[in-house]
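Reviewing the structure listed below.
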Amino acid sequence: MSGPLTIFDRPRDYIGQPVPRADTKRLLQGRGTFIDDIQLPRMLHAAFVRSSVAHGVITGIDVAEARALPGVVAVYTGADIAPHVEPYVGVLSHLAGLRSAPQMPLAVGVTRWIGEPLAMIVAQSRAVAEDAAALVTVEIDPLEAVTDMETALDPATPVIHAEMDSNLAWERTVDVGDVDAAFARDDVTVVERRFRFGRHTGVTLETRGAVAAYDPSEDELTFWYSGQAPHMMQFIFAKHLGLPEENVRVVSQDVGGSFGIKIHTYGDEVATALAAKLLGRPVKFVADRMESFLSDIHARDHVVDGRIAVDAEGRVAALAFDDITGIGPFSMYPRTSAIEANQVLNLTGAPYVIGNYRAHAKVVFQNKNMMCQYRAVGHPIAMAVADCLLEDAAHEIGMDVVEIRRRNLIPDDAYPTQSASGMKLDDLSHHKSLETLVETMDYDARRAEHAKLREDGIYRGLGLISMVEVTNPSPMFYGIGGAPIASQDGATIRLDAGGGVHVSSSVTEQGQGTNAILAQIAADVFGVPIARVKVTTGDTRTTPYGGGTWASRGAGIGGEACLQAAQALKEQVLEVAAVILQSAPGKLDIRAGAVVDAEGGAERMTLSDLARTVYYRGNELPADLKPELVATRHYRVTDFPFVFTNCAMAAEVEVDPETGFVQVLNFWAVEDCGRVINPVLVDEQVRGGVVQGIGGALYEECIYDAEGQLQNATMADYLVPMAFEMPDIVVKHVETPTKTSVLGAKGAGEAGTGGAPGAVMNAVNDALRPLGAEIHQMPMTPERILRALGKV
Amino acid sequence: MAQTRMIRLTVNGETGSYTVPVRQNLVDFIRNDLGLTGSHVGCEHGVCGACSIEVNGDLVRGCLMFAVQADGAEITTIEGLAESGRGAALRAAFTARNALQCGYCTPGMLATALDYVEGGGAADRDAIRAHLSGNYCRCTGYQSIVDAVCDVIEGRVEA
Amino acid sequence: MKAADFAYEKPGNLADALALLADPDRDASPLAGGQSLVPMMNFRMAMPDLLVDLGALDELRGIAPGAAGGLTIGAMTRYADLEASELVATHAPLIAMALPHIAHAAIRYRGTIGGSVALADPAAEMPALMLAMDAEIEAQSSQGSRRIRAAEFFTGIYDTALAPGELVTAIHITAAPEGRRFAFYELARRHGDYAMAGVAVAATGTNRADPRIAFFSVSDRPVRAIRAEAALQAGDAEDAMAALDEIDFAGDLNADARTKRHLAGVVLKRALGRL
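Protein chains in written order, with my numbering: chain A, 90 to 881; chain B, 393 to 551; chain C, 9 to 283.
Printed below as a string of structure tokens:
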């Protein structure tokens, strides 16, 4: 779809270069603006009384003592709030059969998870609000808690929503080819495994938070929030609080980590907006760390029974699995909690040629905190299931794990094609990436070294993963199902009088470097030094309409919109310049902030001179020339549901068989995210993602007891990866630009988190195999490994 | 009624007297009363390290001290470092290595890295990782932070 | 997560501090380094009426040679001071070995030895070190002063022999006999975390005479393994490992009692290997 000549046909100063992010200087001087940094006149502070019972009928809430406490301005219960909020239901029409129940910001009548907000205190300080929260007495008649997802559908298990016949939220089967016949073949080896993936959560270092301000004179709500999708939230507040959509302004300034955590409708945040509306005063809510563990969405928590059949040549004859996942008592609004299971169905085995594929998933309700989309949605499960089955099968038939991949990966020249589940695939490079990986990690030498070390009682292992990664989603992801989630994004670029350029974009910045890559693109495409580019993101009032940053779409979609807008502005400016200079647009160019002769590059006039002429001395221009010096372009992916990327990774671990401890010694990733706009930022995305993936593989788990109580809701007990245990990570790139855009960029944010867990699991099993042990449960804790070894 | 005390302390070179609730922790005081919001609150139980600041020359968790305990103390925050120029090499290295993404851990990470560098720490990746092991970063994977600290110790950075 | 309100006093001398702590009508809590107490207050798991800040009691700070050799360490001496001390390295090498494993630099700048001993966290290193070194804990109250042997001091989870109003003021470490050797080993999921299991060992000479074996993070308190010590005294390290069933192992989130039993054997074996 590219035009005759693009930015990639000429020298560039910024795209592809490791340009430092301008934002870092501000943040390194303590000049960021995160939610809790915002102080407004007359601002109040919220705290919530949260349920301590996983399932029960609320028979009474006594707030009298709390209300009487000096400094308390308002106390709301679910009943107080209900008349002001339209309930929300987390379903999407394209996930056929998905059901959930209406939700309110604070529980009304029945509480369904420990941590659910029951009452809200608004006070002069957070400390006083917490004092008051401690004075609220809640009476709950406990009901039996449904906590085990594997028995949630048993007839004897109570149903969480009385209006439903069971705890089933959604179910889907993908069935391609003749799976049963393939498994029945007498020339195949069948490997079966049960995989368990623990619940984990995002642990953004800045907890969720918001400041809401309401101006009754204008009926306007302004909502500063730490989040990824301002326009989506604008719709939600307008609809559910009964405001005209244009009267809701949502602002995301600095966001202290998000990873998919801060892109959902949380009752405490809706209640904060409502309290501001009811009181006519700004209200701040910043979750404390315990609230964060209890109420930020969780993810994963799947049990998968998988099996694979391979023939003697190592070719996959069939892959099949049953997945069950428990999502908490509701499907989150508006993205729903069925997407992760749906991704598992869609993505498992997608790197490979698999003709016979059956995947079945059940999504069930339970009385735990809700689950939803967190970084690399579904990928860790899908990739681990396929690649752990594949590596286990390779060992069964005595084949090397690299060789079995060579025999099954979709050939690099086979695109466009589709995956076993029917996903359209294009511009992928599994084989090239795998071969680059094998060379980078010195695969054969390491294998030999491991064999030698085993003689000394040192157990090391290598594990690989070949994966696809969902990026740049089209409207087929959410919009088609009725969600208020834009898949297109826009960029507006303006030439200011001083010759500087201002970019305003609907994608958001959470630290990935969105603002930096927008500046790189604008600077190169329009033709100014990057220091002359200013970028605004994260404000529904001032940016074009769009989806925000999630599903690794900021660079690919937001970046392409920016490229096109910059190109359009350039054409405009050259048209004006041609008139002023009595030349032709085709004979001129813009370089380094000046209009120059396209041939030879001699400077003709600075952009500042041009802009000042247009803005101040329009009398010098012909009357029929009406320059705007501003251009807006929007972009969406049209040819594919997603633009897939691919990555090949490997982990090297050492397992201590006496203690069950696993150390990740080395990690390598070869990523193909198409055009690399800024290699430093891409490498950082991959490395940070890998470390999150290692967290899921070895450390992180939300541990619940049978009553639905989260046992480790502190940072001392929920083990995130810290610096000492993490390895250095080697990152390499293969660049296969997507043909869906001029920019050619795909996303890079999910691969590490999506692929590392499977690679680490394969590596651990490679190390354990000589000891006659195996493990298919994440996180692979020392205790679980000791159990696998029969030591405890 | 909340119990209060008068304290006198010096923050980033500026001395003042303040009345504080005795239950207010030091980082809340610095952020909310002094407006120095560069120090961040991440967990309020001393684990994440985001609120790490310098008190009387020592690296401490701002959430594990009450402001009243800081009576008479000299405190330096990330803003003070920027104003005085101290730590300039680390800041330059953090930018060059992109050793921060969202920036929320950065005040504590910078303070902890400075404690290591000024304490004469070696350019030994394991030792650096050990010293940083009480500071949580969800974004970077830590490698770029270790790189930045090594660059400073080995003199590869012009401040 | 803000602490509940409390009254605050910062006495200028020990007598005044003890007088404040002696008031039977107030739920008074001494504040030493605060690295464990303040998080518990922020969680509102601890809500004292009165916080007695020991920060001005310089008489409780410092490391000095003991009267009969060994060391006397003031209760308010910080981990960072212990780390920097030649005296500690020479006369209490177990402490020097354990310090890098205790939390992180920022915590060690504030945390104190007396605070850790008085808190008696069964997962913490310092109480077990007291047992392994056969230290004496000096406690003072407005009624007077006494010394309590470590073996009698730790009585349960977060429980000690301290009477109401009593404050840990010093740790007395007796002089180690010539040839005394020490070893320390712990297994923590992450550097600086509380251990899954850990052990401090002391013994004399190459034949490991008069051994002391003290575990932490395996039970409801720091525990000496008396039978294992006897086995080691008898010269049999394998028997020592087998004798650990005497301990009343208690599980936690990272390891159940059975896993603790297993890991106790591993850490003991590895510590003995370093002895």
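Where is the CB? At the ideal position from N, CA and C, for every residue including glycine.
Practice problem: Report the option in A:397, A:178, A:150 and A:225 whose CA atom is closest to the CA atom of residue 269 of chain A. | Solution: A:397
Quiz item: With distances taken between CB atoms, is the gap from residue 885 of chain A to residue 342 of chain A smaller than 8 Å?
Solution: Only positions 90 to 881 of chain A appear in this structure, which leaves residue 885 of chain A out of reach.
Self-check item: Status (buried if at least 16 other CB within 10 Å, exposed otherwise) for residue 165 of chain C
Solution: exposed
Quiz item: Mapping DSSP to helix, strand and coil, what is residue 418 of chain A?
Solution: coil
Practice problem: Could you pull the start and end residues of the beta strand (DSSP E) that residue 194 of chain C belongs to? | Solution: 188–196
Practice problem: Report buried or exposed for residue 91 of chain A, applying the criterion of at least 16 other Cβ atoms within 10 angstroms of its Cβ. | Solution: Confidence in residue 91 of chain A is poor, its pLDDT being 39 and thus under 50, which makes the residue's placement too unreliable to answer from.
Quiz item: For residue 234 of chain A, which residues in chain B fall below 7 Å Cβ to Cβ?
Solution: The premise fails here: residue 234 of chain A is roughly 27 Å from chain B at the closest Cβ pair, so nothing lies under 7 Å.
Practice problem: Use the C-beta contact count for residue 427 of chain B: other C-beta atoms within 10 angstroms, 16 or more gives buried, fewer gives exposed. | Solution: exposed
Quiz item: Taking the alpha carbon of residue 111 of chain A as the point to measure from, which residue in B:517, B:449 and B:490 has its own alpha carbon closest?
Solution: B:490
Quiz item: How many whole angstroms separate the CB atoms of residue 559 of chain A and residue 731 of chain A, which I take to be in contact at a CB cut-off of 8 Å?
Solution: 5 Å
Quiz item: Taking any Cβ of chain B, which residues in the stretch 77–109 of chain C have a Cβ under 9 Å from it, in chain order?
Solution: 86, 88 and 108
Quiz item: Are any of the Cβ atoms in chain A nearer than 8 Å to that of residue 534 of chain B?
Solution: yes
Practice problem: Give the single residue among A:171, A:159, A:145 and A:281 whose Cα lies nearest to the Cα of residue 227 of chain A. | Solution: A:145
Quiz item: Exposed or buried, what is residue 355 of chain A when buried is set at 16 or more other beta-carbons lying within 10 Å of its beta-carbon?
Solution: buried
Quiz item: For residue 234 of chain A versus residue 458 of chain A, is the C-beta distance shorter than 8 Å?
Solution: no
Self-check item: is_contact[residue 134 of chain C, chain A] using C-beta, thresh 8 Å
Solution: no
Quiz prompt | Inter-residue Cα distance where the pair is residue 891 of chain A and residue 165 of chain A | solution = Nothing can be reported for residue 891 of chain A: it is not among the residues displayed for chain A, which extend from 90 to 881.
Quiz item: What does residue 195 of chain C reach in chain A if we use C-beta pairs closer than 8 Å?
Solution: 748, 750 and 871
Quiz prompt | Beta-carbon proximity list for residue 325 of chain A, same chain, < 6 Å, skipping 5 on both sides | solution = 354
Exercise. Identify the contact partners of residue 12 of chain C in chain A, using a Cβ-Cβ distance below 9 Å as the criterion.
Key: 216, 219, 220 and 223
Quiz prompt | Under 8 Å (Cβ pairs) to chain B, residues found in the stretch 199–231 of chain C | solution = 199 and 200
Practice problem: Below 8 Å on the Cβ atoms is my guess for residue 178 of chain A versus residue 422 of chain A; work out the distance and round it to an integer in Å. | Solution: 7 Å
Quiz item: Does the beta-carbon of residue 430 of chain B have 16 or more other beta-carbons within 10 angstroms, so that it is buried, or is it exposed?
Solution: buried
Quiz item: Nearest to residue 779 of chain A by CA position, among A:793, A:839, A:792 and A:766, is which residue?
Solution: A:839
Quiz item: Would a check of beta-carbon distances place residue 493 of chain B closer than 8 Å to chain A?
Solution: yes
Quiz item: Quick one: Cα of residue 745 of chain A to Cα of residue 543 of chain A, how far?
Solution: 12 Å
Quiz prompt | Under 9 Å by beta carbon: chain B residues contacting residue 601 of chain A | solution = 493, 494 and 531
Quiz prompt | Top-ranked residue by Cα proximity to residue 409 of chain B, from B:459, B:529 and B:478 | solution = B:459
Quiz prompt | Partner residues on chain A for residue 263 of chain C, Cβ-Cβ distance less than 8 Å | solution = 871 and 872
Quiz prompt | Nonlocal neighbours in the same chain, by C-beta distance under 7 Å from residue 621 of chain A, ignoring five residues either side | solution = 588, 589, 590 and 682
Quiz prompt | Inter-residue spacing [alpha-carbon to alpha-carbon] between residue 794 of chain A and residue 630 of chain A | solution = 45 Å
Quiz prompt | Separation of residue 500 of chain B from residue 49 of chain C, as counted between CA atoms | solution = 22 Å
Exercise. Kindly indicate which three-state DSSP category residue 253 of chain C falls into: helix, strand or coil?
Key: helix
Exercise. Indicate whether at least one CB of chain C lies closer than 8 Å to the CB of residue 409 of chain B.
Key: no
Quiz item: Given that residue 523 of chain B touches chain C, what residues does it touch there, using C-beta distances under 9 Å?
Solution: 112 and 113
Quiz item: Is the distance from the Cβ of residue 137 of chain A to the Cβ of residue 357 of chain A below 8 Å?
Solution: yes
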